[in-house]
Structures are given as C-alpha cells and as structure tokens.
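Let me begin by presenting the structure, written as structure tokens, before commenting on it.
Chains as they are written, first to last, in our numbering: chain F, 3 to 234; chain Z, 189 to 485.
Below you can see the structure in the form of structure tokens.
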C-alpha cells in the first residue's frame with residue numbers, strides 16, 4: 003500500500019547549508035496495517051507524511067502510494083491520489099463558518115460527488131464518530147476531542163484506503179486521546195491502512211502496534227507490536 | 189454536475205460579497221477603461237462612416253464669378269469650362285450647382301437658424317461646378333489648369349476640409365486608445381491583486397480542498413469566476429454609459445454639421461460584444477495569472 007525505497011529528502015537553508023530530513027529511508031506498509039511513526043521533533047516525521055501526500059517530492063529514492071509511483075505521477079493526477087488518502091491534522095483544520103455536517107460534506111462536495119451520495123454518506127460517518135447529535139453545531143461549540151472526531155470523519159467520509167494522521171492527539175488531553183484512538187482503531191478494522199505520526203508515548207505503548215522510529219532522518223527501529231522507546 | 193456548479197458559483201459570490209470594496213474598485217476601473225475603449229472604437233466607426241460618404245462625393249468646388257469679386261462668367265465661358273472639365277482625364281463627374289440650388293442647400297443646412305437665413309440674400313451665394321475626381325489627391329491638377337480660366341472666382345478642395353477632420357479624429361482616437369490601454373492594464377493588475385487577496389483569505393479552505401483531492405480547476409474556478417463576474421459588470425456598465433451618451437451626442441452634432449452622416453444606436457449596440465469580450469477576457473487572464481503560483485498543487 004505504501005512503499006518507500008532509499009528515500010532521501012533535504013531542505014536548503016542557505017547557499018551551502020542544507021538539512022537532511024530523511025536519509026536513505028526504506029519502509030513498506032502493507033494493506034490494513036496500523037503503523038506509528040515516532041521520534042523527537044525534527045526527526046523527519048513531518049517530512050515522511052508530506053512525501054506520502056505528494057506535497058513534497060523526494061530528492062532521491064522512490065515512493066509508491068496506493069499503487070502509484072509518486073515520482074512519475076502527473077500533477078493533474080495528484081488529486082486522484084489524494085482521494086485515496088484521508089488526512090487528520092494535529093490542529094483539526096475545521097472551517098469555523100461551517101457546521102459539523104457541512105465540514106464533513108465539504109470533503110465530498112469539492113471532489114464533485116453527487117448530492118444523493120453526500121446526504122447518505124455524511125450521516126453514516128457522523129454516526130461512526132459518535133457526533134450525530136452535534137451535526138448542526140459549529141466547531142467552536144465543540145470540545146477538542148469532538149473537533150478531532152469531526153476531522154477524522156471528514157478524512158474518512160470518502161472511504162479512503164489510507165488514513166494519515168499527523169499528531170492527531172497532540173492537542174488533546176490523555177482521556178480524550180483514548181476516544182480518538184479507539185475511533186482510529188475502528189477505522190483500521192474496516193480495512194483502511196492507518197499511518198500515525200506521534201510522540202505520545204502512552205498511546206503507542208497501550209496500542210501495541212507496529213512502530214517505525216525515526217531519528218535524524220534515519221529509521222532506527224521498525225518493530226511490529228512495539229512500544230514508544232527501547233525498554234519503555 | 190449541477191451540484192458542482194452550485195458550489196463553484198456560490199463560492200464566487202461569497203468572495204465578491206466579502207471583498208465588496210475591492211469588487212467595487214474593480215468594476216469602476218473596468219468601466220472606465222472599457223468606456224474609453226468603446227469610445228475610440230465608435231470614433232473609428234464614425235470616421236469610416238464619414239469617409240465612405242465623403243470620398244464618394246464632391247472633392248472640388250469651382251466657384252463662378254457673379255460680378256461681386258470679378259466680372260460675371262458668360263454663358264459661353266461657362267460652357268467652355270464645363271466641356272474642358274469633362275474632357276480632363278482626372279475628372280470623374282461634374283455637377284452644376286446654380287445660385288438657387290446653393291441657396292436651397294444653405295437654408296436646409298441652417299433650417300433652425302432663421303436669423304442667419306434672413307441675413308442671406310438668395311442671390312449672394314455663388315454658383316459652382318462641383319467635381320468628383322478619379323483620385324482625390326489629384327486636386328492640384330484641377331487647380332493649376334482651371335484657376336486662370338475667365339469667370340472662375342475660386343477653386344476649393346473640399347478634401348482638405350475632410351482631411352482636417354480626419355487628422356483631428358485620429359488624434360482623439362489614438363489618445364483614447366492609449367488611455368484605454370493603460371487603464372486596462374491597471375484594471376488587470378487590480379483584478380489580479382483582488383483575486384490574490386481573496387485566495388489568501390480562503391487559504392485554509394483551499395488547503396483542505398487540496399488535501400482531500402479537489403481538482404485544480406475546482407479550487408481555482410470560483411476565484412476566476414469572481415474576477416470574470418466583476419469584469420462582466422464593468423463591461424455592462426460601460427456599454428450602458430456609451431448607449432446613454434453617444435447617440436445623443438451624435439444627434440446634436442448632426443444638427444450642427446450637415447452633409448456628414450453620424451453613427452447611432454446600431455453602432456453602439458454592435459460595439460457591446462467586444463466590450464464584454466474585453467472585460468471578461470482581461471479579468472479571466474489576470475485571475476488565472478494571479479492564481480498560477482499561489483494555489484499550486
């Protein structure tokens with residue numbers, strides 16, 4: 003489902019000054035897996051996620067996502083790739099002037115899905131995330147955990163094969179985080195591949211899923227049913 | 189398909205309303221530039237119309253003596269003059285205008301100025317031969333040959349009068365075109381800037397659209413339509429302005445300047461599609477250019 007082969011990504015900071023964000027990274031994630039990408043800030047987690055949605059292109063190596071080679075993917079086909087990927091942000095990124103329902107429907111509307119499908123699918127997803135009663139509320143009327151569940155609903159409403167979550171619990175307190183994790187686990191069980199960047203040790207340890215640890219742009223650990231840190 | 193268009197059009201109007209001041213500025217600026225453009229187009233029409241009519245007409249008037257300035261032309265001299273004119277190769281046609289004809293033309297021309305007509309004696313206007321040339325530029329051939337004929341008072345190149353008119357309108361038309369072009373560029377820049385502001389104000393929304401896989405045109409079209417709509421309104425207003433003023437000006441000029449046809453509503457209507465095309469075209473191009481780098485995949 004996701005495959006990175008000898009992927010390198012550097013950022014230029016000045017004429018001769020460059021930062022290596024990812025250095026010769028090779029990783030494969032198969033369909034239906036739940037993977038944590040962990041590591042301290044600046045370890046390359048964000049770059050890893052941005053490469054998968056083709057917001058950025060690597061300097062070296064090859065990336066396949068949902069059967070597409072991102073290096074040769076024409077730019078006009080990038081939207082087609084992104085329809086296979088749901089994306090959950092740390093800061094939710096909900097539109098304040100839209101209700102919960104409208105925020106979720108928006109993701110289908112802007113890819114041109116027919117009204118009938120939107121009216122059927124949005125309530126289904128809102129029920130999945132447990133927010134049916136809040137569908138007319140605006141984001142500012144919700145708690146952080148509820149907002150993140152709306153964000154998950156929006157990412158998943160299109161039935162993507164891959165769900166990418168960038169620090170989804172980063173702005174939430176531990177008890178709320180558990181609810182969001184249960185939701186992601188449930189989505190994973192429907193067959194979606196979930197990749198979650200995090201440095202929430204407690205969550206990683208309690209889920210016992212595959213853990214890919216990055217440090218200074220290198221994969222220093224790739225462990226199935228792992229925990230956050232060695233011995234931790 | 190309908191749901192898509194509802195989204196695109198709704199978003200375009202949301203943008204226009206949020207940016208009301210800028211929208212008004214864009215509309216005004218498009219209006220000014222297109223009014224000038226339309227005016228210069230109409231002036232060209234006017235020149236074509238006048239030239240077509242004038243070039244087909246008399247180019248040279250040969251005024252005949254009537255004892256006032258010089259001894260009156262005798263019937264023999266007059267017959268000789270006509271024969272020689274008709275024999276002359278460069279002459280296409282010769283008409284005779286009697287004193288009576290001249291007076292009638294004069295009274296028709298100044299029909300609404302009775303005091304002027306009263307002051308003129310029916311006898312005071314000279315009779316003339318009016319000559320149409322094969323080539324209007326050959327006026328000198330006629331002047332050289334016939335100005336010394338007995339009974340000829342004066343030879344006037346009507347063409348000169350027309351040329352002065354053409355020179356004047358050319359200057360006005362060129363000036364209008366230059367100002368219209370500058371204004372149009374300014375309108376384009378203003379539109380581009382407005383669209384950038386609109387795109388920046390909605391960057392959160394477009395960011396989400398990109399990540400959920402909205403296609404490029406779906407993200408950009410509302411912004412482009414926003415610009416095109418403002419351009420369209422500006423074009424319509426300028427069309428309306430021209431429609432309201434040009435036929436009136438033409439009518440009042442036609443009252444003062446006899447012998448010259450003037451453009452009317454038909455020409456103003458015909459210029460409309462060009463104004464709409466220019467208004468929406470410039471808006472579309474500047475909106476697309478403004479978004480090219482801003483909303484890249």
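Glycine included, every Cβ here is placed at the ideal spot set by N, Cα and C. What you are looking at is a predicted structure, and each value in this text was computed from that prediction instead of being measured.
- Judged by DSSP in its simplified three-state form, residue 95(F) adopts coil rather than helix or strand.
- Linking residue 86(F) to residue 118(F) through their CA atoms gives a straight-line distance of about 21 Å.
- The DSSP assignment places 287-297 and 302-307 as complete runs of the alpha helix (DSSP H) inside the region 283-323 of chain Z, in order along the chain (cut-off: 4 residues).
- In this chain, the alpha helix (DSSP H) harbouring residue 432(Z) covers 404-444.
- Taken in chain order, the members of the region 55-74 of chain F whose beta-carbon sits within less than 7 Å of a beta-carbon on chain Z are 55.
- In the DSSP assignment, residue 73(F) falls outside any beta strand (DSSP E) and carries neither an H nor an E.
- Residues of chain Z whose Cβ lies closer than 9 Å to the Cβ of residue 11(F) do not exist, since the nearest Cβ in that chain is about 18 Å away.
- Sorting 209(Z), 231(Z) and 195(Z) by C-alpha distance to the C-alpha of residue 449(Z) places 231(Z) at the top.
- Residue 149(F) counts as buried, since at least 16 other C-beta atoms from the protein chains shown sit within 10 angstroms of its C-beta.
- About 13 Å separates the beta carbons of residue 89(F) and residue 194(F), which is beyond the 8 Å limit, so they are not a contact pair.
- Just measuring C-alpha positions, the residue of 3(F), 140(F) and 102(F) sitting nearest residue 36(F) is 3(F).
- With a minimum length of 3 residues, the unbroken runs of beta strand (DSSP E) contained wholly in the region 181-217 of chain F fall at 195-200 and 212-217.
- For the region 360-409 of chain Z, the continuous alpha helix (DSSP H) assignments of 4+ residues that do not extend past its boundaries occur at 391-400, in sequence order.
- When C-beta distances to chain F are compared with 9 Å, the residues of the region 381-413 of chain Z below that value are 392, 393, 395, 396, 397, 398, 399, 400, 401, 402, 403, 404, 406 and 407, in chain order.
- In the structure shown, residue 326(Z) adopts helical secondary structure according to DSSP, grouped into three states.
- Between residue 215(Z) and residue 201(Z), the alpha-carbon positions lie close to 15 Å from each other.
- Taken through DSSP and simplified to helix, strand or coil, residue 249(Z) comes out as strand.
- As the crow flies, the alpha-carbon of residue 270(Z) is around 32 Å from that of residue 304(Z).
- Here residue 212(Z) is exposed: its Cβ has fewer than 16 other Cβ atoms, across all protein chains shown, within 10 Å.
- Taken atom to atom, the span from the alpha-carbon of residue 8(F) to that of residue 139(F) is near 46 Å.
- The beta carbon of residue 89(F) sits closer than 7 Å to some beta carbon of chain Z.
- Around the C-beta of residue 205(Z), fewer than 16 other C-beta atoms lie within 10 Å, and the residue is accordingly described as exposed.
- Cα atoms of residue 308(Z) and residue 342(Z): separation of roughly 20 Å, rounded to the nearest angstrom.
- The straight-line gap separating the alpha-carbon atoms of residue 80(F) and residue 436(Z) is approximately 57 Å.
- The straight-line gap separating the alpha-carbon atoms of residue 224(F) and residue 28(F) is approximately 10 Å.
- Residue 122(F) is outside the set of residues whose beta carbon lies under 7 Å from a beta carbon in chain Z.
- Excluding the 5 residues flanking it on each side, residue 281(Z) has same chain C-beta neighbours closer than 8 Å at 319 and 320, in chain order.
- The beta carbon of residue 97(F) sits closer than 7 Å to some beta carbon of chain Z.
- Burial check for residue 433(Z): the Cβ neighbour count within 10 Å stays below 16, so the residue is exposed.
- Non-local C-beta neighbours of residue 455(Z) in its own chain, meaning closer than 7 Å and more than five positions away in sequence, comprise 230 and 233, ordered along the chain.
- Excluding residues up to 5 positions away in sequence, 410 lie with their Cβ nearer than 7 Å to the Cβ of residue 199(Z) in the same chain.
- At least one beta carbon of chain Z lies nearer than 7 Å to the beta carbon of residue 112(F).
- Secondary structure note for residue 30(F): its beta strand (DSSP E) is the uninterrupted segment 20-31.
- Rounded to the nearest angstrom, the Cβ distance from residue 67(F) to residue 54(F) is 6 Å, consistent with a contact under 8 Å.
- Residue-level contact check: residue 170(F) does not touch chain Z, since none of the beta carbons of chain Z fall below 7 Å from its beta carbon.
- Listed as beta-bridge partners of residue 10(F) by DSSP are 62(F).
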